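Heads up, the thing below is written out as structure tokens.
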Amino acid sequence: MVGASAKWADEPLTSAAEDDLDRGEYADRAAALVASLHSFESSSVVGLSGPWGSGKTSLVNMIVESLQREHPEWIVARFTPWATSDVPGLLSEFYSSIAHSLPSKAKNVRKALALTALVAAPATALIPVAGGSVATLLKRFVEASQAKPPWDIAFAKASAQLRELGRPILVVVDDIDRLQPEELMALLRVVRQLGRFDGVDYLLAYDDETVFRTLAAAQIVDRTDGTAERFMEKIVQYPLFVPPLLRHQQLARINRGLAHVSRDDPNEDGRLDTMLDVFLALLRTPRSIDRYLAQLEHHLPLVPQTEMGLLKVRLTPDLWGREVPLEGCRHACTPSQGVP
1 MVGASAKWAD EPLTSAAEDD LDRGEYADRA AALVASLHSF ESSSVVGLSG
51 PWGSGKTSLV NMIVESLQRE HPEWIVARFT PWATSDVPGL LSEFYSSIAH
101 SLPSKAKNVR KALALTALVA APATALIPVA GGSVATLLKR FVEASQAKPP
151 WDIAFAKASA QLRELGRPIL VVVDDIDRLQ PEELMALLRV VRQLGRFDGV
201 DYLLAYDDET VFRTLAAAQI VDRTDGTAER FMEKIVQYPL FVPPLLRHQQ
251 LARINRGLAH VSRDDPNEDG RLDTMLDVFL ALLRTPRSID RYLAQLEHHL
301 PLVPQTEMGL LKVRLTPDLW GREVPLEGCR HACTPSQGVP
């Protein structure tokens, strides 16, 4: 939120203590779901979907916080697939993220994961991106082994070692909608097969529509016939959705921001009341509201203090300096949402 003490930085919340959208209970229930699904004999995948700017990462952080508060035995591994440059790097980063989240005593588990990573992707591609001790382990395996075991044997050994550890593990994968088609398919293969260790569960965060378009671009599905949705149903067993902003939440966030950045009280003479539906139709997510207010704070001091000028910039700060009639703002809404 844009405020008097700090500029907007588009950073996610790190704790429920920072939440001003009453999503704490939702996060607690999602965390309870994750905990209830766990079994050392299987692996579950929970998906959290929502449009860009809806607060997915913030909600993920709140879910993880709640899970570890109520169930401190859980280990959480953060896997960032879009931080790598290719598919082998993605596979390496996956196994590394689990290995680095384990307690220091879990040396045998790390070795088993390193061997699984070695079998799952070319060793020469894995070593540069694995990072730290995992890269050293991989290099050691390359130098010491004349023949690699089949993947299923390496996977079974790693699974057994993870079960013996006796700690539930949650792998959090955020922003999978940033991936290119080849990378997305590699990630889904990891979740579906290469990383489906017993006792290891997943929390994926993504924008549905973007993922569906990426799958269609990979020619895996037809975006128009429902196959994209059915494809993701095979990956995600428990879909969750970021709660949309309620009307009163939109209004409260907009009003707080306008009270801070406006030269006068935007409600004192009702000048903006007739444009309310425009605001609510265009500013549907926390990010879109906060981004708008940040633009407004920048542009308002540059505009002559006339009623029409201020009204224009309040509505469309990105169009400041252009002669755009207010009638154009009316057409930004659908007929059902238009300005009366």
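Note that the numbering used here has the sequence shown beginning at 1, numbered continuously upward.
Glycine included, every Cβ here is placed at the ideal spot set by N, Cα and C.
Just so it is clear, the structure is predicted and the values come from calculations on it, not from any experiment.
Ala294 by DSSP, collapsed to three states: which one?
helix
Would you please state the rounded distance, in angstroms, between the beta carbons of Leu48 and Leu245? I believe it to be under 8 Å.
With 8 Å as the limit, Leu48 and Leu245 do not qualify as a contact, their Cβ atoms being about 16 Å apart.
Report yes if the CB atom of Arg23 is closer than 8 Å to the CB atom of Leu59, and no otherwise.
The Cβ-Cβ distance between Arg23 and Leu59 falls below 8 Å.
Pick helix, strand or coil for Ser54, following the three-state DSSP scheme.
coil
Got a sec, what are the start and stop residues for the alpha helix (DSSP H) Val109 sits in?
For Val109, the uninterrupted alpha helix (DSSP H) segment begins and ends at Lys107 to Ala120.
Quick one: Cα of Asp208 to Cα of Trp52, how far?
10 Å
Return the residue from the list Arg29, Val46, Ala217 and Lys107 that minimises the CA-CA distance to Leu165.
Lys107
Just to confirm my understanding: we take Phe40, look at its own chain, exclude 5 residues before and 5 after, and list those with CB closer than 7 Å. What are they?
Arg163, Asp198 and Gly199
Using DSSP with H/G/I as helix, E/B as strand and the rest coil, what is Phe241?
strand
Once the 5 residues before and after Pro218 are set aside, which same chain residues still bring their CB inside 8 Å of it?
Note that residue 218 is Ala in the sequence shown here, rather than Pro. Within the same chain, Ala218 has close Cβ partners Pro181, Glu182, Leu184 and Met185.
Assuming Leu194 and Ala112 make a contact with CB atoms under 8 Å, what is their CB distance in whole Å?
14 Å between Cβ atoms; not a contact.
Please report the distance separating the alpha-carbon of Arg110 from that of Phe94.
13 Å
Would Arg253 be called buried (16 or more neighbouring beta carbons within 10 Å of its own) or exposed?
Arg253 sits buried, since 16 or more C-beta atoms from the chains shown fall within 10 Å of its C-beta.
What residue range does the beta strand (DSSP E) around Ala205 cover?
Val200 to Tyr206
Give the secondary structure of Gly226 by DSSP, where H, G and I count as helix, E and B as strand, and everything else as coil.
coil
Would you call the stretch 87-103 in contact with the stretch 167-174, where contact means no fewer than 3 C-beta pairs closer than 8 Å?
yes
Nearest to Val242 by alpha carbon, out of Arg284, Thr84 and Gly89?
Relative to Val242, the option among Arg284, Thr84 and Gly89 whose CA is nearest is Arg284.
Would you mind working out which of Ala17, Ala32 and Ser42 sits nearest Val191, comparing C-alpha positions?
Ser42
Going straight from the alpha carbon of Thr80 to that of His71, what length do you get?
Roughly 24 Å separates the two Cα atoms.
So within the stretch 23-47, which uninterrupted alpha helix (DSSP H) runs reach at least 4 residues, ignoring any that extend past its ends?
24-37
Would you list the residues sitting across from Val173 in a DSSP beta bridge?
Phe79 and Leu204
Please state the DSSP three-state secondary structure of Ser85.
coil
From the DSSP output, which residues share a beta bridge with Ser288?
DSSP output for Ser288 lists no bridge partner at all.
Going by DSSP, what residues sit across from Ser66 in a beta bridge?
Looking at the DSSP assignment, Ser66 forms no beta bridge with any residue, so it has no partner.
Taking its Cβ as the centre, do 16 or more other Cβ atoms sit within 10 Å of Thr224, making it buried, or is it exposed?
exposed
With distances taken from CA atoms, which of Ser159, Ile176 and Thr116 is nearest Ser92?
Thr116
Would you mind working out which of His38, Gly50, Arg189 and Arg247 sits nearest Ile75, comparing C-alpha positions?
His38
Just reading off the alpha helix (DSSP H) that Ser15 is part of, what are its end residues?
Segment: none, Ser15 is in no alpha helix (DSSP H) and carries neither H nor E.
Which term fits Gln237, buried or exposed, when burial requires 16 or more other beta carbons within 10 angstroms of its beta carbon?
exposed
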